[in-house]
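Working notes for the structure below.
Numbering (the UniProt record's numbering), first residue to last: 1 to 279.
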């Protein structure tokens, strides 16, 4: 059985703000102004199946740094699902994007410092399916269901990157064994969604910058849960770290705490969430 989704692929762009604007100005412009520009562009393109803005939760970021956790040095992440890397790449090289979207990006993003990840999606846990059942039953009883807002209130997200030890088979060590470890933890019992992103292409720069240092990431994990506090559970951390020692390069696991803004999502689960939130 193929562990990867065949109906879609994922593109993540790790972005850095312009140095002459504050974090608050960056987040406000991205969410309030750039959303309108990008939605006008992406909302009419069939190849764009999902578009999310991943805004860094500054309070949790400070908390992680205080306890000595490694935090990724980015100001946010743009997430797209597409039915084709080739079609999506053509969009970003097209006249409409260059004319309408790129100039607006340059108002708040330092494009030359952005990193792009193209990956296959391995769904490990997906309790968003509860929303579909709730919609069919005409019930808004899902514990993850709240009225959708610009920044979602039904979940938080942790983004993790890592480097694997030389010779490690990620299809075994990460996709199978580590996934089972995560699901068995107390955190795992509360996870809303857990996706592993296995690289389809090497990590690359988003714009032409020969001086950009490209990270040596071997994969990206996305874990959604109701609260950041769940990620600090000591039993979960011990189980997690014990397994990581077997296959991860020491000191390479880094995280980024995220508040999610879902702009476009063709998955039925999100459509159900939106509909039920209006009951």
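Heads up, the beta-carbon is just placed ideally off N, CA and C, and yes, glycines get one too.
All values reported here derive from a predicted model rather than from experimental measurement.
- [ ] Indicate the three-state DSSP secondary structure (helix, strand or coil) for residue 46 in the structure shown.
- [x] Taking the chain shown and counting its residues from 1, the one referred to as residue 46 is at position 46. Looking at residue 46 - three-state DSSP - the assignment turns out to be coil, as it is neither helix nor strand.
- [ ] Identify which residue in 55, 20, 184 and 214 has its Cα closest to the Cα of residue 163.
- [x] On the chain shown, residue 163 is found 163 positions in, with the first residue counted as 1. The shortest C-alpha separation from residue 163 is found at 214.
Task: Per-residue burial, residue 2 [other beta carbons within 10 Å of its own, 16 or more giving buried] - done: In the chain shown, counting from the first residue as 1, residue 2 sits at position 2. Residue 2 comes out exposed.
Task: Simplified DSSP state of residue 74, which is helix, strand or coil - done: Looking up residue 74 in the chain shown gives position 74. It is coil, neither helix nor strand.
Task: Identity of the residues DSSP links to residue 188 by a beta bridge - done: Indexing the chain shown from 1 puts residue 188 at position 188. Bridge partners of residue 188: none, in fact.
Open item on the list: Pop quiz: residue 217 and residue 266 are said to be a contact at Cβ under 8 angstroms. What is the actual Cβ separation, rounded to whole angstroms?
Closed with: The residue labelled residue 217 in the question sits at position 217 within the chain shown. The residue labelled residue 266 in the question sits at position 266 within the chain shown. Contact between residue 217 and residue 266 fails: their C-beta atoms lie close to 27 angstroms from each other, not under 8 angstroms.
Open item on the list: Using a 10 Å radius around the Cβ and a threshold of 16 neighbouring Cβ atoms, would you call residue 50 buried or exposed?
Closed with: For the purposes of this step, residue 50 is identified with residue 50 of the chain shown, where counting begins at 1. The Cβ neighbour count for residue 50, taken over all protein chains shown within 10 Å, is at least 16; the residue is labelled buried.
Open item on the list: Give the list of continuous beta strand (DSSP E) stretches no shorter than 3 residues that lie fully inside the segment 167-213.
Closed with: As for any beta strand (DSSP E) of minimum length 3 sitting wholly inside the segment 167-213, the runs are 193-199, ordered along the chain.
TODO: Identify whether residue 17 lies in helix, strand or coil by the three-state DSSP scheme.
DONE: In the chain shown, counting from the first residue as 1, residue 17 sits at position 17. The answer is strand: DSSP assigns residue 17 an E or B state.
Open item on the list: Can you tell me where the alpha helix (DSSP H) holding residue 23 begins and where it ends?
Closed with: The sequence position of residue 23 within the chain shown is 23, counting from 1. Residue 23 -> alpha helix (DSSP H) spans 23-28.
Open item on the list: Would residue 5 and residue 124 qualify as a contact pair, given that the criterion is a beta-carbon distance under 7 angstroms?
Closed with: By 1-based counting over the chain shown, the position of residue 5 is 5. By 1-based counting over the chain shown, the position of residue 124 is 124. No, the Cβ-Cβ distance between residue 5 and residue 124 is not below 7 angstroms.
Open item on the list: Is it the case that the segment 38-53 contacts the segment 235-244, given that we only count it when at least three CB pairs across the two stretches are under 8 angstroms?
Closed with: Because the criterion of three Cβ pairs below 8 angstroms is not met, the segment 235-244 and the segment 38-53 do not touch.
- [ ] Determine the closest residue to residue 227 out of 247, 114, 191 and 250, with distance taken between C-alpha atoms.
- [x] Stepping through the chain shown from its first residue, residue 227 is reached at position 227. Answer by Cα proximity: 191.
TODO: Grab me the residues of residue 138's own chain with a C-beta within less than 8 angstroms of its C-beta, minus the 5 sequence neighbours each way, in chain order.
DONE: The residue given as residue 138 occupies position 138 in the chain shown. The predicted position of residue 138 is uncertain, since its pLDDT is 44 and thus under 50; no value can be drawn from it.
Task: Separation of residue 31 from residue 94, as counted between CA atoms - done: On the chain shown, residue 94 is found 94 positions in, with the first residue counted as 1. On the chain shown, residue 31 is found 31 positions in, with the first residue counted as 1. Using only the alpha carbons, I get a separation of about 23 angstroms.
Task: From 261, 255 and 259, residue whose alpha carbon lies closest to that of residue 69 - done: Along the chain shown, one-based indexing puts residue 69 at 69. Closest option to residue 69, Cα to Cα, is 255.
Open item on the list: So, at 7 angstroms on beta carbons, what are the nonlocal neighbours of residue 150 in its own chain, with the 5 sequence-adjacent residues on each side left out?
Closed with: As a position in the chain shown, residue 150 is number 150, starting the count at 1. Correct list, in chain order: 31 and 261.
- [ ] Could you tell me if residue 186 is buried or exposed, where buried requires 16 or more neighbouring beta carbons within 10 angstroms of its beta carbon?
- [x] As a working note, residue 186 is residue 186 in the chain shown. Residue 186 counts as exposed, since fewer than 16 other beta carbons sit within 10 angstroms of its beta carbon.
Task: Unbroken beta strand (DSSP E) run spanning residue 248, endpoints - done: Here residue 248 is taken as the residue at index 248 of the chain shown, counted from 1. Per DSSP, residue 248 belongs to no beta strand (DSSP E) and is neither H nor E.
Open item on the list: residue 206 and residue 116 - do their beta-carbons sit closer together than 7 angstroms?
Closed with: In the chain shown, residue 116 corresponds to position 116, counting from 1. In the chain shown, residue 206 corresponds to position 206, counting from 1. Between residue 116 and residue 206, the CB-CB gap stays under 7 angstroms.
Open item on the list: Taking 7 angstroms as the limit between beta carbons, can you name the residues of its chain near residue 58, skipping five residues before and five after?
Closed with: One-based indexing of the chain shown puts residue 58 at position 58. Once the five neighbours on either side are set aside, the close Cβ partners of residue 58 are 23.
Task: Sequence-distant residues of the same chain with beta carbon closer than 6 angstroms to residue 110, five excluded per side - done: By one-based count along the chain shown, residue 110 stands at place 110. Hits under 6 angstroms: 16 and 18.
TODO: Rounded to whole angstroms, what's the CA-CA distance from residue 97 to residue 38? Just pull it up for me.
DONE: In the chain shown, the residue the question calls residue 97 occupies position 97. In the chain shown, the residue the question calls residue 38 occupies position 38. Between residue 97 and residue 38, the C-alpha separation is close to 9 angstroms.
Task: Reference residue 77; option with closest CA among 11, 189 and 84 - done: The residue you call residue 77 lines up with position 77 of the chain shown. Ranked by how close their Cα comes to the Cα of residue 77, the residues 11, 189 and 84 have 11 in first place.
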